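Worksheet: one structure, shown below.
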Amino acid sequence: MPGHQPADGEQRGEIMSKTGTGNFFEDLRVGQVIKHATPRTITVGDVALYTGLFGPRFAVQSSDAFARAIGYPRAPVDDLLVFHVVFGKTVPDISINAVANLGYAACRFLAPVYPGDTINAVSEVIGLKENSSRKTGIAFVRSTGCKEDGSKVLEYVRWVMLRKRDEKAEPPGDHVPRLPEAVLPATLGDACPRIERAAYDLALAGSPYRFGDYEVGERIDHVDGVTVEEAEHQIATRLYQNTARIHFNQFVEAKGRFGRRLIYGGHVISLARALSFNGLANAFHIAAINGGRHVSPLFAGTTVFAWSEVLGKAELPGRDDVGALRLRTVAAKDRPCADFPLKAGGEDDPAVLLDLDYWVLMPR
Amino acid sequence: MPGHQPADGEQRGEIMSKTGTGNFFEDLRVGQVIKHATPRTITVGDVALYTGLFGPRFAVQSSDAFARAIGYPRAPVDDLLVFHVVFGKTVPDISINAVANLGYAACRFLAPVYPGDTINAVSEVIGLKENSSRKTGIAFVRSTGCKEDGSKVLEYVRWVMLRKRDEKAEPPGDHVPRLPEAVLPATLGDACPRIERAAYDLALAGSPYRFGDYEVGERIDHVDGVTVEEAEHQIATRLYQNTARIHFNQFVEAKGRFGRRLIYGGHVISLARALSFNGLANAFHIAAINGGRHVSPLFAGTTVFAWSEVLGKAELPGRDDVGALRLRTVAAKDRPCADFPLKAGGEDDPAVLLDLDYWVLMPR
Amino acid sequence: MPGHQPADGEQRGEIMSKTGTGNFFEDLRVGQVIKHATPRTITVGDVALYTGLFGPRFAVQSSDAFARAIGYPRAPVDDLLVFHVVFGKTVPDISINAVANLGYAACRFLAPVYPGDTINAVSEVIGLKENSSRKTGIAFVRSTGCKEDGSKVLEYVRWVMLRKRDEKAEPPGDHVPRLPEAVLPATLGDACPRIERAAYDLALAGSPYRFGDYEVGERIDHVDGVTVEEAEHQIATRLYQNTARIHFNQFVEAKGRFGRRLIYGGHVISLARALSFNGLANAFHIAAINGGRHVSPLFAGTTVFAWSEVLGKAELPGRDDVGALRLRTVAAKDRPCADFPLKAGGEDDPAVLLDLDYWVLMPR
Chain A
3 MPGHQPADGE
13 QRGEIMSKTG
23 TGNFFEDLRV
33 GQVIKHATPR
43 TITVGDVALY
53 TGLFGPRFAV
63 QSSDAFARAI
73 GYPRAPVDDL
83 LVFHVVFGKT
93 VPDISINAVA
103 NLGYAACRFL
113 APVYPGDTIN
123 AVSEVIGLKE
133 NSSRKTGIAF
143 VRSTGCKEDG
153 SKVLEYVRWV
163 MLRKRDEKAE
173 PPGDHVPRLP
183 EAVLPATLGD
193 ACPRIERAAY
203 DLALAGSPYR
213 FGDYEVGERI
223 DHVDGVTVEE
233 AEHQIATRLY
243 QNTARIHFNQ
253 FVEAKGRFGR
263 RLIYGGHVIS
273 LARALSFNGL
283 ANAFHIAAIN
293 GGRHVSPLFA
303 GTTVFAWSEV
313 LGKAELPGRD
323 DVGALRLRTV
333 AAKDRPCADF
343 PLKAGGEDDP
353 AVLLDLDYWV
363 LMPR
Chain B
3 MPGHQPADGE
13 QRGEIMSKTG
23 TGNFFEDLRV
33 GQVIKHATPR
43 TITVGDVALY
53 TGLFGPRFAV
63 QSSDAFARAI
73 GYPRAPVDDL
83 LVFHVVFGKT
93 VPDISINAVA
103 NLGYAACRFL
113 APVYPGDTIN
123 AVSEVIGLKE
133 NSSRKTGIAF
143 VRSTGCKEDG
153 SKVLEYVRWV
163 MLRKRDEKAE
173 PPGDHVPRLP
183 EAVLPATLGD
193 ACPRIERAAY
203 DLALAGSPYR
213 FGDYEVGERI
223 DHVDGVTVEE
233 AEHQIATRLY
243 QNTARIHFNQ
253 FVEAKGRFGR
263 RLIYGGHVIS
273 LARALSFNGL
283 ANAFHIAAIN
293 GGRHVSPLFA
303 GTTVFAWSEV
313 LGKAELPGRD
323 DVGALRLRTV
333 AAKDRPCADF
343 PLKAGGEDDP
353 AVLLDLDYWV
363 LMPR
Chain C
3 MPGHQPADGE
13 QRGEIMSKTG
23 TGNFFEDLRV
33 GQVIKHATPR
43 TITVGDVALY
53 TGLFGPRFAV
63 QSSDAFARAI
73 GYPRAPVDDL
83 LVFHVVFGKT
93 VPDISINAVA
103 NLGYAACRFL
113 APVYPGDTIN
123 AVSEVIGLKE
133 NSSRKTGIAF
143 VRSTGCKEDG
153 SKVLEYVRWV
163 MLRKRDEKAE
173 PPGDHVPRLP
183 EAVLPATLGD
193 ACPRIERAAY
203 DLALAGSPYR
213 FGDYEVGERI
223 DHVDGVTVEE
233 AEHQIATRLY
243 QNTARIHFNQ
253 FVEAKGRFGR
263 RLIYGGHVIS
273 LARALSFNGL
283 ANAFHIAAIN
293 GGRHVSPLFA
303 GTTVFAWSEV
313 LGKAELPGRD
323 DVGALRLRTV
333 AAKDRPCADF
343 PLKAGGEDDP
353 AVLLDLDYWV
363 LMPR
């Protein structure tokens, strides 16, 4: 079991410290598989709290009746709530000693999750590369979320820069995995049952625009902004049982790099997704995340705005019920997005928080 | 579908903006029926979060066992949670461009709602009157909340002052509906099954006082006060999927009329209702809201107190199980209510937030 | 029904005030039994909100699948959530007029609680002792939480210093009950079904350490700290329907002893318990609380840390599935606990918030 090595100076007499320290860079080996604590039954309680924290309005996730009408057995759990729960489980083993979260890739949603399902998570180390400083290294990890019967609901790769416990520890050799620039459309849709297009009520869903109404290159300002409070992001991040210290501990962070608690990057993703309802109301399912960058950190008191661009469109093999839009959604801080901020003089616009590249499904 | 007119300057090339702008005054016609997004399955998760946000203690809504003993199949959802969910749905279509919410009338609860029920909302425009400035007009709307089988759970009228998109748009002619001063007692009680008076346990319910113990003119100080935090009202208002911008966007509101986020008026109603338990513990069901005024705005950091007066009493035709009290409940800010603040020198007392006139049912 | 005596000056004409004032010292008699309002059905919604507020990660309470595998019918409700709900019910009758909560003893968890169970509470006055000032007295109360069928889930004794309404009221005579220093191990475990040790998955549970791995005298730093926000403790305390004014009313508390809202003592207990996962992940059930002191008050903005010491170990008669650890868990404010703060020069260390003595069960 990883993360239970005694930390320096923590042994007292004969007793080994019971406190987990998490993995440092040199604790990982390519091919290593880590089974994460804690299994989690997702309930309608989690769904309600997620609604209260972000305010998503997508009809499929909001209404059992709407979901049943189009072919789901009931309303599925919001895709991002599933993502955050799986991600949260990986934190104590993978990123508790991270200097930085560097990126995501190849994230696919593989089965719908319903209230009552229990989610576990497992990670495999797929790459390691020590940095030239020898103080840190980059670990590439594929994490998988499963239901209690072992069926997969989600998988994704992320890479993080990890501290070494001991600078002199032997480098593992460089293994950098090849990661896809984007998830292939042919592999999308496993988490979306065949839907009854005729039963999909556009008025209830909140928009008249179907898959066919969007064009590549089209940009959409999501208009509204929402201000984030400390209590909100803390409640959300604990709901996912994510223990990353930087989100919760003002005593320590007051002396840290930012002087304050850093908000979990996934919080921005969920805020942007909820804001994107205004313009993308029928993008009812996130099928995959191709990649994403947390361009700058978010702190409480900031107001988050968002806009999206249609990067691509794809039909799914054998399916005439839904099509896939490839979207870039950009979140910005304290800055309305009517002019679609992204770059400023070749650099990232300083207001940009998030630049997310993902596939959504829409009814055709 | 209303609210998807392209906004000025938002068309880019051939593509129509996908962003909903909501209706402006001239978009509405008397007799127009608007089916609102998003259907919402209310769950025990919503109930728990509502409890955490307001702390109501009415036994019927708190305990399945208590509710079953007196004749409900299980604990019904708090009446105000149902109201807020229905109200929230109407916001994007009815009041997103409102200058002010002017009033409510004729609000009746028509059927109990239980966890698992899915709620939809529809509104009919029943009146329009342009203001002499020609910049705004008043719209009167009857909104109805329904279960998935179409049965009604709630209806109410509200009127709002709406901006015009174009000052030169033709006035619609004046249609001002006649609204009742109060809901007639004979029409109350549809959302309350016949209750077993003998099984209604006064000790568990928290008060020895039944319908017969209250007198017209009696006033009750609810004693306690509760301070509101930004995170609390934002979580509550998002729980209802209410998107009114003024509640969430500090970046914009900092430059606005108040310099800060305005708390949803329904938040005050729920706070006052929860406080009213102390003195009205057996007023277990709100049967109707006759009218109400948000006398002054509420902001985070304020402490809300409340008091009530019995305005009237009524028996319900054919029912000896419950009687109806007509109540005025007044909420005040940063001011204990032992002396029942309401008016000051002919004007509204500046501490008063809310003056609500409604019918509750109590066991006889 | 207690607590509905008219308060001084609150009678208006013929009408008795409907507002409950709670019991003062002289309202209580040894042997008196008080049935508390409000019965409460605990749901998965409450569980989710509790998770969001505290972030506990114990596998048994988090996962229906994990709980079922070891012998529960489903995931039980967190022990402390049950405690807080029962405690909350006693507040309006027992401690609304308290000057101070003085202590706890003899707290035992007697049956697991599952979502859907309805909890009631009853208290018996088991001791009274007037203080020499004659302005206050100490009341000893045994409170019991029951399911709707009357079966007990929890009992505990607490003692509080209560105001007298009338200084001249006759003293009741001194009755001070004998209270145990600790709950006897032989009486532990009623709320824990026989568990399948072989099915208890240590990797999923988050720690390799079983009962046998802990030694008396061992101390564990739980490492992490969490900063508390006003919205968080208010939401938690309302979730328990705890009405103690000092937690909610900034208008009054601004002029009070601390100048601000005091956080419910149980909030610290839940924070410390959640932090204790790191080092005590397999301590999946709190079987009893021997006693506890709130050493200093907690206010919003403070960061809470915790450490634990193993005070004792006990086998349970007839059970080879689980063993009991007697723990001291200490919470401290704005102070990491690597050096286990407790006393400073014979006095309490000024950083200490809580000193809790309790029994947990662990798989053998």
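Protein chains in written order, with the numbering used here: chain A, 3 to 366; chain B, 3 to 366; chain C, 3 to 366.
In this text, a Cβ means the ideal position worked out from N, Cα and C, and glycines have one as well.
A quick note: this is a predicted structure, and the numbers were derived from the prediction, not measured.
Neighbourhood of residue i by C-beta, 6 Å cutoff - its chain only, sequence neighbours within 5 removed
{"i": "C/Thr146", "result": "Val124, Lys154 and Glu157"}
{"i": "A/Glu150", "result": "Thr120"}
{"i": "A/His6", "result": "At A/His6, the pLDDT of 43 sits below 50, so the modelled position is not reliable and the matter cannot be decided from this model."}
Residue range of the beta strand (DSSP E) that includes residue i
{"i": "B/Gly54", "result": "First-last for B/Gly54: Val46 to Phe56, but that is the alpha helix (DSSP H), not the beta strand (DSSP E)."}
{"i": "C/Asn372", "result": "Lying before the first or after the last residue shown, residue 372 of chain C is absent from chain C, which here runs from 3 to 366."}
{"i": "C/Thr146", "result": "Thr138 to Lys149"}
{"i": "B/Ser310", "result": "Thr305 to Leu318"}
{"i": "B/Gly268", "result": "First-last for B/Gly268: Gly267 to Leu277, but that is the alpha helix (DSSP H), not the beta strand (DSSP E)."}
{"i": "B/Phe111", "result": "Ala100 to Phe111"}
Closer than 9 Å at the beta carbon, the chain A residues around residue i
{"i": "B/Glu231", "result": "Glu231 and Ala233"}
7 Å Cβ shell around residue i - same chain, five flanking residues per side excluded
{"i": "C/Ile197", "result": "Ile72, Gly73, Asp323, Val324 and Pro365"}
{"i": "A/Pro8", "result": "With a pLDDT of 40 at A/Pro8, under the threshold of 50, the modelled position of that residue is not reliable, and the figure given next carries that caveat. Excluding sequence neighbours, A/Pro8 sits near Met18 and Ser19."}
{"i": "C/Leu30", "result": "Val127, Leu130 and Ala141"}
{"i": "B/Pro179", "result": "Ile128, Gly129 and Phe142"}
{"i": "A/Tyr202", "result": "Ile72 and Pro365"}
{"i": "C/Asp350", "result": "Val297"}
{"i": "C/Arg212", "result": "Asn284, Met364, Pro365 and Arg366"}
{"i": "C/Pro182", "result": "Ala107 and Ala108"}
Contacts of residue i in chain C (Cβ-Cβ under 8 Å)
{"i": "B/Ile222", "result": "Ser19, Lys20 and Thr21"}
Chain-order list of residues whose beta-carbon lies under 8 Å from that of residue i (same chain, five-residue window excluded)
{"i": "A/Phe232", "result": "Note on residue identity: the sequence assigns Glu, not Phe, to residue 232 of chain A. Once the five neighbours on either side are set aside, the close Cβ partners of A/Glu232 are Arg263 and Ala302."}
{"i": "B/Tyr106", "result": "Tyr158, Val159, Arg160, Ile291, Gly293 and Gly294"}
Beta-carbon neighbours of residue i, restricted to chain B and to distances below 7 Å
{"i": "A/Phe26", "result": "Result: empty, since nearest Cβ-Cβ is about 35 Å, beyond 7 Å."}
{"i": "A/Ala171", "result": "Those do not exist, as A/Ala171 stays about 43 Å from chain B at its closest Cβ, beyond 7 Å."}
Start-to-end residues for the alpha helix (DSSP H) that takes in residue i
{"i": "B/Glu217", "result": "Counting along the chain, B/Glu217 falls outside any alpha helix (DSSP H), and DSSP gives it neither H nor E."}
{"i": "A/Ile121", "result": "Unbroken run through A/Ile121 is the beta strand (DSSP E), Thr120 to Glu132; no alpha helix (DSSP H)."}
{"i": "B/Ala353", "result": "Careful: B/Ala353 lies outside any alpha helix (DSSP H) and carries neither H nor E."}
{"i": "B/Lys91", "result": "Asp81 to Thr92"}
{"i": "C/Arg70", "result": "Asp66 to Ile72"}
{"i": "C/Ile36", "result": "Run containing C/Ile36: none in the alpha helix (DSSP H); it sits in the beta strand (DSSP E), Val35 to Thr43."}
{"i": "A/Arg240", "result": "Glu232 to Leu241"}
Interface flag, residue i vs chain D, CB-CB below 8 Å
{"i": "B/Leu363", "result": "No chain D is present in this structure, whose protein chains are A, B and C."}
Among the options, nearest to residue i - alpha-carbon criterion
{"i": "A/Pro299", "options": "A/Ala334, A/Ser278 and A/Lys315", "result": "A/Ala334"}
{"i": "A/Glu132", "options": "A/Val87, A/Val115 and A/Asp168", "result": "A/Asp168"}
{"i": "C/Asp341", "options": "C/Arg330, C/Trp361 and C/Ala308", "result": "C/Ala308"}
{"i": "C/Asp176", "options": "C/Lys257, C/Phe27, C/Thr45 and C/His224", "result": "C/Phe27"}
{"i": "C/Val88", "options": "C/Arg328, C/Ala184 and C/Phe111", "result": "C/Phe111"}
{"i": "B/Phe85", "options": "B/Pro195, B/Ala69, B/Gly267 and B/Gly219", "result": "B/Gly267"}
{"i": "C/Asp368", "options": "A/Glu255, A/Gly281 and A/Glu317", "result": "Outside the modelled stretch of chain C, which goes from 3 to 366, sits residue 368 of chain C, for which no answer is possible."}
{"i": "B/Thr331", "options": "B/Gly347, B/Gly314, B/Leu318 and B/Arg321", "result": "B/Gly314"}
Cross-chain neighbours of residue i in chain B, by beta carbon under 8 Å
{"i": "A/Thr120", "result": "Those do not exist, as A/Thr120 stays about 17 Å from chain B at its closest Cβ, beyond 8 Å."}
Chain-ordered neighbours of residue i on chain A, where CB pairs are closer than 7 Å
{"i": "C/Asn292", "result": "Within 7 Å Cβ-Cβ: nothing; C/Asn292 doesn't reach chain A, min ~21 Å."}
Under 7 Å from the C-beta of residue i: neighbouring residues of chain C
{"i": "B/Val228", "result": "Phe250 and Asn251"}
Touching by the beta-carbon criterion (3+ pairs, under 8 Å), the stretch 267–274 of chain B and the stretch 348–362 of chain B:
yes
Touching or not, the stretch 241–250 of chain B and the stretch 91–101 of chain B, by the rule of three or more beta carbon pairs under 8 Å?
yes
Would you be able to state if there are at least three C-beta pairs under 8 Å between the stretch 32–42 of chain A and the stretch 221–240 of chain C?
no
Is the stretch 249–256 of chain C in contact with the stretch 162–181 of chain C, if contact means three or more CB pairs nearer than 8 Å?
Short answer: they don't touch.
For the stretch 45–54 of chain A against the stretch 207–214 of chain A, do three or more pairs of beta-carbon atoms, one drawn from each stretch, fall closer than 8 Å, so that the two count as touching?
no
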